[in-house]
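Asker: Residue 340 in our numbering sits at position 61 of the sequence shown; the count goes up by one each step and never skips.
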Amino acid sequence: MAIAGVAGFFYVKHYQSEQAIAVNQSTRQRIQKDSKAKVKKEKVLNQYRLYGLTDSEINAAKTLPVSAIGDSIMLGSSAYLKVLFPEMSIDAEVGRQVQAAPAIISQLKASGKLANTVVISLGTNGPMTEADINGILDQLGSDRQVFWVTAYAPGKAWIDPVNKLIHAAAKTHANLHVVDWYYLAGGNDDWFADDGVHPNDAGRPHYYTLIAKDVMQTLKK
């Protein structure tokens, strides 16, 4: 169901006035550590193979420029994404909401660094409106391939509306592709830290390989 107009404005403001996803200090430190981890390249590449990427897709990913924008979920997997996508530029931070994306996109455009392939992993920390997602897609333009990762945060009221907006936008924007983390993660409580939101060592490979598979298998069509 689309969230638009005055009602949508107050809905967004209500949740933005609260701390959407509380990240305790230990989880925050783990995310920051994971984002800077010195990972074993071949071990990570084998994870990609294990979860369905072919060697030809892995080789193609090595030279693919990608702009990625996300929150702490993406931040925790950034080191692993960079193994497969050395040309990926990742701008991710704890607590980021969808409404931060336009300024980041503007900066990337102004510096000439906005790639033709864009991955967005936002929506975990609060709601968005139809105007938010359409504005971002208009800003990116129809010539770029955009991959939007659905949000997963059990018990948060905005998650279903956010994900419905992502799916709805994909039906009206041919260049928008849904990376359905919500669908894949559902029922797999052992993939997550105690907060039930941030992937742990067991869940993280499912997150970053899902993004990689959807990007590479879509682009080769």
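Don't be surprised by glycine CBs; every beta carbon is placed ideally from N, CA and C. Quantities reported herein were computed from a predicted structural model and do not represent experimental measurements.
(1) To which residues of the same chain is F364 closer than 7 Å at the C-beta, ignoring the five residues directly before and after it?
(2) Does the beta-carbon distance from V362 to V398 come in below 8 Å?
(3) Pick out whichever of S356, P381 and H446 has its Cα sitting closest to the Cα of D411.
(4) Is the beta carbon of W470 less than 8 Å from the beta carbon of V428?
(5) Could you give the distance in angstroms between the alpha-carbon of D350 and the alpha-carbon of Y487?
(6) Can you check which of these residues, V457, D422, T333 and G482, is closest to G465 by C-alpha distance?
(7) Is the segment 369 to 379 in contact with the segment 326 to 337, if contact means three or more CB pairs nearer than 8 Å?
(8) Kindly indicate which three-state DSSP category D468 falls into: helix, strand or coil?
(9) Just reading off the beta strand (DSSP E) that S400 is part of, what are its end residues?
(10) Can you round the beta-carbon distance between L393 and L401 to whole angstroms, since I take them to be within the 8 Å contact cut?
(11) Would you please state the rounded distance, in angstroms, between the beta carbons of T403 and V494? I believe it to be under 8 Å.
(12) From H446 to E409, what distance separates their C-alpha atoms?
(13) Alpha carbon to alpha carbon, how far is N325 from N395?
(14) Is D480 near the ligand NAP, going by C-beta to nearest heavy atom under 7 Å?
(15) How is L226 classed by DSSP in three states: helix, strand or coil?
(16) Mapping DSSP to helix, strand and coil, what is P484?
(17) How long is the line joining the alpha carbons of N479 and G434, rounded to whole angstroms?
(18) Cα-Cα, which of G391, S335, I383 and L498 is closest to N454?
(19) Could you spell out the range, first to last residue, of the beta strand (DSSP E) harbouring V428?
(20) Taking all protein chains shown into account, do 16 or more other C-beta atoms lie within 10 angstroms of the C-beta of H293, making it buried, or fewer, making it exposed?
(21) Please go through the same chain and pick out, in chain order, the residues whose beta-carbon is closer than 7 Å to the beta-carbon of A430, but skip the five residues on each side of it.
(22) Might you give, ordered along the chain, the residues of its own chain that have their beta carbon closer than 7 Å to the beta carbon of V457, omitting 5 neighbours on each side?
(23) Going by the beta-carbon positions, is the gap between G414 and Q376 smaller than 8 Å?
Answerer: Walking through what the data contain:
(1) Along the sequence shown, read from residue 1 onward, the residue named residue 364 stands at position 85. Cβ neighbours of F364 within its own chain (closer than 7 Å, five residues either side excluded): A340, L343 and V345.
(2) Here the question's residue 362 lines up with position 83 in the sequence shown. Here the question's residue 398 lines up with position 119 in the sequence shown. Not closer than 8 Å, so no.
(3) In the sequence shown, residue 411 corresponds to position 132, counting from 1. That would be P381, whose Cα lies nearest to the Cα of D411.
(4) Taking the first residue of the sequence shown as position 1, residue 470 is located at position 191. Taking the first residue of the sequence shown as position 1, residue 428 is located at position 149. No.
(5) Locating residue 350 in the sequence shown gives position 71, counting from the first residue. Locating residue 487 in the sequence shown gives position 208, counting from the first residue. So the alpha carbons of these two residues sit roughly 14 Å apart.
(6) Mapped onto the sequence shown, residue 465 falls at position 186. Ranking the options by Cα distance to G465, first place goes to G482.
(7) No, they do not touch.
(8) Along the sequence shown, one-based indexing puts residue 468 at 189. D468: helix per DSSP, three-state reduction.
(9) Position 121 of the sequence shown, counted from the first residue, corresponds to residue 400. Where S400 is concerned, the enclosing beta strand (DSSP E) stretches over T396 to S400.
(10) Looking up residue 393 in the sequence shown gives position 114. Looking up residue 401 in the sequence shown gives position 122. 16 Å between Cβ atoms; not a contact.
(11) As a first step, residue 403 must be located in the sequence shown, where it is residue number 124. As a first step, residue 494 must be located in the sequence shown, where it is residue number 215. Not confirmed; about 20 Å, so no contact.
(12) Here residue 446 corresponds to residue number 167 of the sequence shown, with the count starting at 1. Here residue 409 corresponds to residue number 130 of the sequence shown, with the count starting at 1. The alpha-carbon atoms of H446 and E409 are separated by roughly 11 Å.
(13) For the purposes of this step, residue 325 is taken as the residue at position 46 of the sequence shown. For the purposes of this step, residue 395 is taken as the residue at position 116 of the sequence shown. Going by the C-alpha atoms only, they are around 27 Å apart.
(14) Absent from the structure shown: the ligand NAP. Ligands present: none.
(15) The first residue shown for the chain is 280 and the last is 500, placing residue 226 beyond what the model contains.
(16) The residue you call residue 484 lines up with position 205 of the sequence shown. P484 falls in the helix class under three-state DSSP.
(17) Indexing the sequence shown from 1 puts residue 479 at position 200. Indexing the sequence shown from 1 puts residue 434 at position 155. Distance between the alpha carbons of N479 and G434 is about 19 Å.
(18) Taking the first residue of the sequence shown as position 1, residue 454 is located at position 175. Comparing Cα-Cα distances from N454 to each of G391, S335, I383 and L498, the minimum goes to L498.
(19) Numbered from its first residue, the sequence shown carries residue 428 at position 149. First-last of the beta strand (DSSP E) with V428: Q424 to V428.
(20) In the sequence shown, residue 293 corresponds to position 14, counting from 1. Its pLDDT being 44, under 50, H293 is placed unreliably by the model, and the measurement read from it follows with that caveat. H293 should be labelled exposed.
(21) Locating residue 430 in the sequence shown gives position 151, counting from the first residue. So the list reads G402, T403, I438, V441, N442 and Y461, once near-sequence residues are dropped.
(22) Sequence index remark: in the sequence shown, residue 457 carries index 178 (1-based). The answer, listed in chain order, is W427, T429, I445, H446 and A449.
(23) Taking the first residue of the sequence shown as 1, we reach residue 414 at position 135. Taking the first residue of the sequence shown as 1, we reach residue 376 at position 97. Taking 8 Å as the Cβ cut-off, G414 and Q376 do not qualify as a contacting pair.
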